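Reading the sequence shown from the start, the letters are residues 23 to 382 in our numbering. A virtual CB, placed ideally from N, CA and C, is assigned to each residue, including glycine. Being a predicted model, the structure only gives us computed values, none of them experimental. Below: the structure, in structure tokens.
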Amino acid sequence: MKNWVYAKLDKISKFDMYNISEKNKDSLKLDANENYVLKKKFILEIALQAAKDTDLREYPLDQFKELYRQLAKYTGISKKYIAVGNGSDQIIELILSIINKGQRVTIFTPTFSYFINRCKFHDLTVDRVPLSRENNALDKGEFLKSAKRSDIVYICSPNNPTGNQFDKQPILEIIDSLKDKLVLLDEAYVEFADYSLIQVAIKYDNVIVLRTLSKAFGLAGARVGYFIANERFAQIFRSKIQSPYPLNSLSLTIASIALSQFNYVNKTVKMIKDERKRVFDQISRIEGIKAFESNANFIFFESHNKYNAILKSLKKERLAVKTFGNVEGRMGCIRVTIGTKNMNDRFLESIERAVCKQNV
Ligand SMILES: Cc1ncc(COP(=O)(O)O)c(C=O)c1O
């Protein structure tokens, strides 16, 4: 049958979608920027506690209240400016769903591919401003030129996949020049970075700061995202745009307990930042590889003609990383998550072996 539904499905089936890599049994996951420094036992204990405290026969009510209370405490921002979602992916999806077809979005590239794909899915026109090939810096002038002709602006900082957080002052100037645009600031990796612009979201009525518990808090499987925005946007989102029970009681309770134990989470963040420096220094020493400075829990690097040899070696040793190939002039790109010291050593040894073999 050929009707409008199938015509639409035909169109949708051709979209690039977010590639979810298959998990190989026994493989070390360094591909999705999860936090493996956080002990599994810590999460397990929280999950068991949450299971005991939760009655799954009931719709979640008090659990939402508690999560908002904990998020307000953690961020230092009143809960009236906060809204939650089923991962920040779902928040992005819902925000894009209220934007009119054909409206224009400015992004820089490379950036979070899910966001770009969802813009296309919602029939938005995407204008791309390339980051500098040399160090992934943002050209403020070029970005503003495009942004002024757009309706929405997406700034991911620290940026996925490049890892860098952009200088604060130019980003503030960009935001200040775009008061009639919707500005989405994605801070998924902010715990690993130098500063946050969370306060900006309550100062302006057009800025939304996206956050997640999937990265530093090690709760990717619980699917808890949130954002900070002006009170009106946050309240309308909560009461009209979001579904009534977007998160389940277990995830809500797990998230609240984890937030209340930030001290421990923060220790793992510090360890990851130390390891990030060590891994960066070591990758940078390998001839023919260029690593980019990172303010996130992963490192993005160009491996040029070593790409295939490195991938082969990582695959053989069951180390999963995110592979990009050539990205706008950057050659043989790979993004690796910073894991435990042991995971990072295995990764470093594997790429060193691959490069050595190739040089023989
Ligand atoms: C920049 C960025 N934003 C948002 C997300 C989505 O996070 P969540 O797990 O909360 O959906 C990710 C996940 O990789 C990300 O890298």
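query                                                                                                        : result
Identity of the residue in F143, G109, Q112 and L274 nearest Q125 by Cα                                      : F143
For V231 and F259, the rounded distance between their alpha carbons                                          : 14 Å
Nearest candidate by alpha-carbon position, reference E374, set K344, F346, T345 and E339                    : E339
For D84, the first and last residue of its enclosing alpha helix (DSSP H)                                    : D84 to T97
beta-carbon D178 near ligand 1 non-hydrogen atom, thresh 6 Å                                                 : Sequence inspection shows Cys at residue 178; the Asp mentioned does not correspond to that position. Yes; taking the cut-off as 6 Å, the Cβ of C178 has a heavy atom of ligand 1 nearer than that.
Which of helix, strand or coil DSSP assigns to N330                                                          : helix
Boundaries (first-last residue) of the beta strand (DSSP E) holding V291                                     : From DSSP, V291 is part of no beta strand (DSSP E) but of the alpha helix (DSSP H) over F284 to R307.
K344 classed as buried or exposed, judged by whether at least 16 other C-beta atoms fall within 10 angstroms : buried
Reference Y217; option with closest CA among A242, K190 and K225                                             : K190
Residue interval of the beta strand (DSSP E) (run including F323)                                            : F320 to E324
Proximity test, F134 beta-carbon vs ligand 1 heavy atom, cut-off 6 Å                                         : yes
Within the segment 121 to 208, ranges of the alpha helix (DSSP H) (whole runs, at least 4 residues)          : 135 to 143, 162 to 169 and 190 to 198
Coarse secondary structure for K312, derived from DSSP in three states                                       : strand
Rounded Cβ spacing between S273 and A244 (contact assumed at less than 8 Å)                                  : 4 Å
Delimiting residues of the beta strand (DSSP E) encompassing F249                                            : G247 to I250
Under the three-state DSSP convention, the category F37 falls into                                           : coil
Delimiting residues of the beta strand (DSSP E) encompassing R79                                             : From DSSP, R79 is part of no beta strand (DSSP E); its letter is neither H nor E.
Where L83 falls, given that 16 or more other Cβ within 10 Å makes a residue buried                           : exposed
Endpoints, alpha helix (DSSP H) assigned at F255                                                             : E253 to I258
Helix, strand or coil at F64 according to DSSP, with G and I counted as helix                                : helix
Extent of the continuous beta strand (DSSP E) to which L232 belongs                                          : V229 to T234
T234 Cβ short of 6 Å to ligand 1 heavy atom set                                                              : yes
Reduced DSSP secondary structure (H/G/I, E/B, other) of R368                                                 : helix
Burial state of V291 (16 or more Cβ within 10 Å)                                                             : buried
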